[in-house]
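Visitor:
Residue numbers (this note's numbering): 16 to 240.
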């Protein structure tokens, strides 16, 4: 790994962080300060699915794999990007297998598959909730090809219900992917800068028994031999 080629794919956790509707809010507040205490410490409160994060199977299926049980080695892999930005995806458009089938030959065991919609451009605005989403059948076909980690640059691979809009399609993508023991990565960013990057790393917190974790996601370019 050439550290000079590392590209951060994670959103910053700040006051603009998008939270899935109904999830705990993110806060980071001073607990002690250098001025008053001679040192600085902050109190952090957040849900397990805050910001750029990873879903473990136990997010939807009780008694299955939790985030601390996922081998760290499985979270570093060659990168395959399904680029849908030229399709001019509409609000809440369903991404079908036909939309992504041209990448089918690249979907195989050992790769991390990223679906680039371009929706991260709306981070920090209400439009972010109106993201495109993956149909159940497309999720199933990706999993059938051996992919075990699927990432998106949206709040969810499923439709997000927000202020009375959407939600009729349920959680088909989550159920297909997590039900197969695979993983989901949400809220990726900077995918427009991935040209030439060949590998991706996803680093969660080692949270015992937890259903997910914020991550630092990053890509890098393989060193020339």
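We put the CB at the ideal spot given by N, CA and C, even for glycine.
1) Identify whether residue 13 lies in helix, strand or coil by the three-state DSSP scheme.
2) State the beta-bridge partners of residue 235 as determined by DSSP.
3) Residue 71: which of 238, 232, 224 sits nearest, CA to CA?
4) Could you check whether residue 118 and residue 145 sit closer than 9 Å to each other, using their CB atoms as the reference points?
5) In whole angstroms, what separates the C-alpha of residue 218 from that of residue 102?
6) Using three-state DSSP, classify residue 203 as helix, strand or coil.
7) Alpha carbon to alpha carbon, how far is residue 228 from residue 121? Give it in angstroms, no decimals.
8) Could you check if residue 110 is buried or exposed, using at least 16 other CB atoms within 10 Å of its CB as the buried criterion?
9) Since residue 151 is in the alpha helix (DSSP H), which residue starts that stretch and which ends it?
10) Under three-state DSSP, which class holds residue 57?
11) Using the beta-carbon count (16 or more within 10 Å), is residue 147 buried or exposed?
12) To the nearest angstrom, report how far apart residue 59 and residue 38 are at their CA atoms.
13) Do you know how far the Cα of residue 125 is from the Cα of residue 91?
14) Does the beta-carbon distance from residue 154 to residue 205 come in below 9 Å?
15) When you compare the CB of residue 17 with every CB in chain B, is at least one pair closer than 9 Å?
16) I need the straight-line Cα distance from residue 140 to residue 27, nearest angstrom please.
17) Is residue 191 buried or exposed, if buried means 16 or more other CB atoms sit within 10 Å of its CB?
18) Please list, in chain order, all residues of the same chain as residue 21 whose beta carbon is under 6 Å from its beta carbon, the five residues on each side excluded.
19) Which residues in the same chain have their Cβ closer than 7 Å to the Cβ of residue 68, if we skip the five residues on either side of it in sequence?
20) Just the Cα atoms here: how many angstroms apart are residue 193 and residue 210?
21) Between the C-alpha atoms of residue 112 and residue 157, what's the straight-line distance to the nearest angstrom?
22) Give the straight-line distance between the Cα atoms of residue 164 and residue 50, rounded to the nearest whole angstrom.
23) Pull up the distance between the alpha-carbon of residue 61 and that of residue 220, whole angstroms please.
Guide: Result, derived from the coordinates:
1) With the chain covering only 16 through 240, there is no way to say anything about residue 13.
2) As a first step, residue 235 must be located in the chain shown, where it is residue number 220. DSSP, once it has assigned bridges, lists 214 as partnering residue 235.
3) Taking the chain shown and counting its residues from 1, one reaches residue 71 at position 56. Residue 224 is the option with its Cα nearest to residue 71.
4) Locating residue 145 in the chain shown gives position 130, counting from the first residue. Locating residue 118 in the chain shown gives position 103, counting from the first residue. Their beta carbons are not under 9 Å apart, which means residue 145 does not touch residue 118 by this criterion.
5) Position 203 of the chain shown holds residue 218. Position 87 of the chain shown holds residue 102. One C-alpha to the other measures close to 31 Å.
6) As a working mapping, residue 203 is identified with position 188 in the chain shown. Residue state for residue 203 is assigned as strand, using DSSP reduced to three classes.
7) In the chain shown, the residue the question calls residue 121 occupies position 106. In the chain shown, the residue the question calls residue 228 occupies position 213. Distance between the alpha carbons of residue 121 and residue 228 is about 27 Å.
8) For the purposes of this step, residue 110 is taken as the residue at position 95 of the chain shown. Buried, since its Cβ has 16 or more Cβ neighbours within 10 Å.
9) Within the chain shown, the letter at position 136 stands for residue 151. That run of the alpha helix (DSSP H) goes 151-159.
10) Counting from one through the chain shown, the residue named residue 57 turns up at place 42. In this structure, DSSP gives residue 57 an extended state, which the three-state scheme calls strand.
11) In the chain shown, the residue the question calls residue 147 occupies position 132. Under this definition residue 147 is a buried residue.
12) What you label residue 59 is simply residue 44 of the chain shown in a count that begins at 1. What you label residue 38 is simply residue 23 of the chain shown in a count that begins at 1. Approximately 15 Å between the Cα atoms of the pair.
13) Here residue 91 refers to the residue found at position 76 of the chain shown. Here residue 125 refers to the residue found at position 110 of the chain shown. Residue 91 and residue 125: Cα-Cα distance of roughly 9 Å.
14) Taking the chain shown and counting its residues from 1, one reaches residue 154 at position 139. Taking the chain shown and counting its residues from 1, one reaches residue 205 at position 190. Judged by beta-carbon spacing, residue 205 lies beyond the 9 Å limit of residue 154, meaning their Cβ atoms are not closer than that value.
15) Of the chains in the structure shown, none is chain B; there is only one protein chain.
16) The residue given as residue 140 occupies position 125 in the chain shown. The residue given as residue 27 occupies position 12 in the chain shown. The alpha-carbon atoms of residue 140 and residue 27 are separated by roughly 15 Å.
17) Indexing the chain shown from 1 puts residue 191 at position 176. Per the 10 Å Cβ criterion, buried.
18) Along the chain shown, read from residue 1 onward, the residue named residue 21 stands at position 6. Taken in chain order, the residues that qualify are 233, 235.
19) Position 53 of the chain shown, counted from the first residue, corresponds to residue 68. 201, 202, 227, 228, 229, 230.
20) Counted from its first residue, the chain shown places residue 193 at position 178. Counted from its first residue, the chain shown places residue 210 at position 195. If I take the Cα positions, the gap works out to 29 Å.
21) Counting from one through the chain shown, the residue named residue 112 turns up at place 97. Counting from one through the chain shown, the residue named residue 157 turns up at place 142. Their Cα atoms are separated by approximately 9 Å.
22) Within the chain shown, residue 164 is the residue found at index 149, counting from 1. Within the chain shown, residue 50 is the residue found at index 35, counting from 1. Within the model, the alpha-carbon separation for residue 164 versus residue 50 is close to 45 Å.
23) Indexing the chain shown from 1 puts residue 61 at position 46. Indexing the chain shown from 1 puts residue 220 at position 205. Near 13 Å, if we compare the C-alpha coordinates of residue 220 and residue 61.
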